[in-house]
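Single-structure report; data block below.
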DNA sequence: CATATGTCCTGAGAGC
DNA sequence: TGCTCTCAGGACATAT
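In our numbering, the protein residues as written are 119 to 415.
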């Protein structure tokens, strides 16, 4: 998303407007009048992502911070529905254009932060290391002693920033770790896999320009759907046969009010005892004879 | 302090 | 067909 709007760097903000709507106002600060006064005439000197926020840095040191959450979008294209447009920046110099902040539900937020406010909300003491670059040691330091289940823990932005609900399930499935295992009972080998798959899943999702599910939620800056949903193995696939082992049926459970999807075969709750030469390791399970069972209607 | 739960919002889809 | 009900999820506030 940020890469898509990077081309506005160097542009001068001519103004920002907040279309009137019967829908709820977006949570935002400061008030519209102050917002307009502080951004008008400023030059955009940078666009970057911090955790799940889009940060548009102005030459005044103020920063426009947008949290899209589930249904928010930043668009350089025409918005899908005008009634959900929350704010529009028009910029000029060198190339004129519009930057549209769109949000179907009122869950997104829009703020203009001074450096002090920014640090208070997005400083390193408020959010953890970014998931795209977190090291295995940082991952273990953030979670290793926690008694929480690993899946809701992965969503804790103060521990590690950037993992959302879809990707938490996908990471654990690929890492072959059960979502309900308490962090303090996760082995070194499991941490190594969780770390590797955190990077693999998130980098692949970025490369595929995100996930656009059946609800049509996320779209790129140009208004196109993402492609990562084609690589999703467990999220939303309740009762489907696992693509990896060909045997387990994907289960949906609820943890911390959020859906979790996993394969009970690939992601066993307890590591099996290896008595008498050991059982089949996970990586061999796709050789199971049940792998050709038909998928339910 | 560490976890857990409640809240915000709208549209899609199910069920009747 | 048209209504009501449920569900989806990030971050934060509040509760345990």
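Glycine is no exception: its CB is placed at the ideal position from the N, C-alpha and C atoms.
None of the values given here were measured: they were computed from a predicted structure.
(request) Count the CB pairs spanning the region 237 to 249 and the region 147 to 158 that are closer than 8 Å, and state whether there are at least three. (result) no
(request) Could you check the C-alpha separation between residue 74 and residue 370 for me, to the nearest Å? (result) Because the chain here runs from 119 to 415, residue 74 falls outside it and cannot be looked at.
(request) Figure out for me which residue from 308, 297 and 386 has the closest Cα to the Cα of residue 372. (result) 297
(request) Give the single residue among 319, 222, 367 and 195 whose Cα lies nearest to the Cα of residue 345. (result) 319
(request) Per DSSP, which residues does residue 261 bridge with? Please list them. (result) DSSP, once it has assigned bridges, lists no residue as partnering residue 261.
(request) Go ahead and label residue 234 buried or exposed: buried means 16 or more other beta carbons lie within 10 angstroms of its beta carbon, across all protein chains shown. (result) exposed
(request) State the DSSP-derived secondary structure class of residue 378, mapped to helix, strand or coil. (result) strand
(request) Excluding the 5 residues preceding and the 5 following residue 311 in the sequence, name in chain order all residues of the same chain whose CB lies nearer than 6 Å to its CB. (result) 293
(message) Alpha carbons only, please: which of 187, 214, 188 and 229 is nearest the one belonging to residue 205?
(response) 229
(message) As a quick exercise: from 215, 277 and 266, pick the residue whose alpha carbon is nearest that of residue 133.
(response) 215
(request) Can you say whether residue 200 is buried or exposed, counting buried as having 16 or more other CB atoms within 10 angstroms of its CB? (result) exposed
(request) May I ask you to list the residues that DSSP assigns as paired with residue 83? (result) Here the chain covers residues 119 to 415 and nothing more, so residue 83 does not appear.
(request) Write down the C-beta distance between residue 366 and residue 384 rounded to the nearest angstrom, noting that I regard them as a contact closer than 8 Å. (result) 6 Å
(request) Express the C-alpha separation of residue 244 and residue 158 in angstroms, rounding to a whole number. (result) 30 Å
(message) Between the alpha carbons of residue 168 and residue 353, how many angstroms are there, rounded?
(response) 25 Å
(request) Return yes when the Cβ of residue 231 is within less than 7 Å of the Cβ of residue 181, no when it is not. (result) yes
(request) Specify the secondary structure class of residue 266 as computed by DSSP and reduced to three states. (result) coil
(message) Spatial neighbours of residue 315 within its chain, please: C-beta separation below 7 Å, excluding the five flanking residues on both sides.
(response) 289, 292 and 293
(request) Tell me whether residue 274 sits in a helix, a strand or coil according to DSSP, three-state version. (result) coil
(request) State the DSSP-derived secondary structure class of residue 323, mapped to helix, strand or coil. (result) helix
(message) Just to confirm my understanding: we take residue 317, look at its own chain, exclude 5 residues before and 5 after, and list those with CB closer than 6 Å. What are they?
(response) none
(request) Just grab the DSSP bridge partners of residue 160 for me. (result) Per DSSP, none; premise fails for residue 160.
(request) Pick helix, strand or coil for residue 124, following the three-state DSSP scheme. (result) helix
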